[in-house]
Amino acid sequence: MALRILLACIESHANRYKRYIVPVLSVQMDFYVRVFVRIYTSASAMKNTPLKLSYVYQCTGCDAFHLQPIGRTVSKNTSVRYLPGFAPVVPQECSHCQKKFNMGGPIWSAPIHDQEWVMNILSDVKSMKDRYPAYDRISAVLTTISEELPDVPLFLSLHNLCATLKCTSPSAVIFRSAVINAGYRISGTHVNPLGLKSDAPMDVIWDIMRCWVKNHPVKAQPADQPGSVILAKEPVLQANFARAVASLSKAQAKKVARFLPNPERHWGPKLRAGRQITSKHISLLGEEKVNGCLSHQDSELDAKRQKIEKLEDAPAES
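Counting from 239, one number per residue, gives the positions in the sequence shown under the working numbering.
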């Protein structure tokens, strides 16, 4: 979502100068986002911007989401008309769990990577691996991105789906197989090791989970809970959990690393500059370093205290 909000913002600023963007690589990793875009100048092509942006409706109960494109086109003979998008794409309440929707956007709903460009970069990196100290990390990220579905915005979390239903989680391979056997596409995402991108509608996703729960029963939950409302409906689709050949990506089949562990403990943004170090930071910085900082802070306080005492004891000038 953060990547797509950023791309929509860049596109908006580019449009003010009769320009538009074409993303070639958009990465969210660790604690930052980074996007690489090409910028073109064309007042006529700029009219396509509404076709690349959408509003997002996400259910507050089951996290199901729907996209509402900002614009659409109508073609007649050789002419093309640009019109506002149709709305609304969702009712007042979620059809799955009867909860309300949160609305956000606009976000970039067009592809965020140029797959050909990514594959070329990955090939170049592999051919010059000795030049890149962080080769393993770069290769892992680019490999995962190269396997993403380019035309599917956002992603689902299998663990979040199971948390809604309060059920045990199927393995990613089993869930992928069920989606593929239902006739849809599915892939991973570089943003989250547990994330899945699929063109299957949420009706199909929840039917697959209903079939899974039938084979792996759950404890009864209050009737007004989203999971209870979802499970109260009978599945229209009978899921097939037989192992599908395409359930593993090429990288997974070859056991190529796609997600590497953090380079050190507590990886992330460091402490804010000027913040006082206390004993609470031992788990983050280590006992030796914290004790050194505390002793240094104490010595500074003692020096300040002595300076103040000298000023107070000094005789006042007449």
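Each residue gets a CB set at the ideal place from its N, CA and C atoms; glycine is no exception.
Sequence-distant residues of its chain with Cβ nearer than 6 Å to residue i (five each side left out)
i, result
"Trp355", "Val262"
"Val429", "Gln266"
"Ala477", "Ala416, Ile446 and Cys449"
"Ala246", "Leu291, Pro344, Ile345 and Trp346"
"Val467", "Cys335 and Gln336"
"Ser556", "Per-residue confidence for Ser556 stands at a pLDDT of 45, beneath the threshold of 50, marking its modelled position as unreliable; the derived number appears in the next sentence. Contacts found: none."
"Pro431", "Phe497"
"Ser440", "Residue 440 is actually Met in this sequence, not Ser. The answer, listed in chain order, is Ala302."
"Gly506", "Phe269"
"His304", "Tyr295, Val327 and Val328"
Same chain, Cβ closer than 7 Å to residue i, neighbours up to 5 away in sequence not counted
i, result
"Asn340", "Gln296 and Thr298"
"Gln544", "none"
"Val312", "Arg319 and Leu321"
"Ala281", "Lys256"
"Pro473", "Asp445, Arg448 and Cys449"
"Leu486", "Val411"
"His397", "Ser407 and Leu432"
"Phe479", "Ile412, Ser415 and Ala416"
"Leu403", "Met447, Val451, Val456, Gly465, Ile468 and Leu469"
Three-state secondary structure (DSSP) of residue i
i, result
"Gln306", "strand"
"Lys435", "strand"
"Asn286", "helix"
"Cys247", "helix"
"Met366", "coil"
"Ser556", "A caution first: Ser556 carries a pLDDT of 45, below 50, which makes its placement in the model unreliable, though a value can still be read off. Three-state DSSP puts Ser556 in coil, outside helix and strand."
"Asn340", "strand"
"Lys542", "helix"
"Met440", "helix"
"Ser264", "strand"
"Lys314", "strand"
"Gln296", "strand"
"Leu380", "helix"
"Ser395", "strand"
"Arg254", "coil"
"Leu387", "coil"
Exposed unless 16 or more other CB atoms sit within 10 angstroms - verdict on residue i
i, result
"Ile277", "exposed"
"Glu249", "buried"
"Gly421", "exposed"
"Gln306", "buried"
"Lys567", "Residue 567 is absent from the structure shown; the chain starts at 239 and stops at 556."
"Phe497", "exposed"
"Asp268", "exposed"
"Thr279", "exposed"
"Pro329", "exposed"
"Pro455", "exposed"
"Pro408", "buried"
"Ile424", "buried"
"Glu577", "Outside the displayed span of the chain (239 to 556) sits residue 577, for which this structure offers no information."
"Arg242", "buried"
"Pro464", "buried"
"Phe274", "exposed"
"Phe324", "exposed"
"His351", "buried"
"Tyr293", "buried"
"Tyr370", "exposed"
"Thr427", "buried"
Identified DSSP bridge partners for residue i
i, result
"Asn430", "Looking at the DSSP assignment, Asn430 forms no beta bridge with any residue, so it has no partner."
"Ile359", "Answer is none; Ile359 lacks a bridge partner."
"Leu291", "Trp346"
"Phe274", "Leu263"
"Arg319", "Val312"
CB contact below 7 Å: residue i versus chain C
i, result
"Gln306", "The structure shown contains no chain C; it holds only a single protein chain."
Close Cβ partners of residue i (< 8 Å) along its chain, the five nearest in sequence each way excluded
i, result
"Asn253", "Met284 and Thr287"
"Pro460", "Ser466"
"Ala401", "none"
Ignoring anything shorter than 3 residues or poking outside the region 399 to 426, list the beta strand (DSSP E) runs there in chain order.
424 to 426
Which ranges does the alpha helix (DSSP H) cover as unbroken runs of at least 4 residues, wholly within the region 443 to 511, from first to last along the chain?
Correct list: 464 to 469 and 488 to 491.
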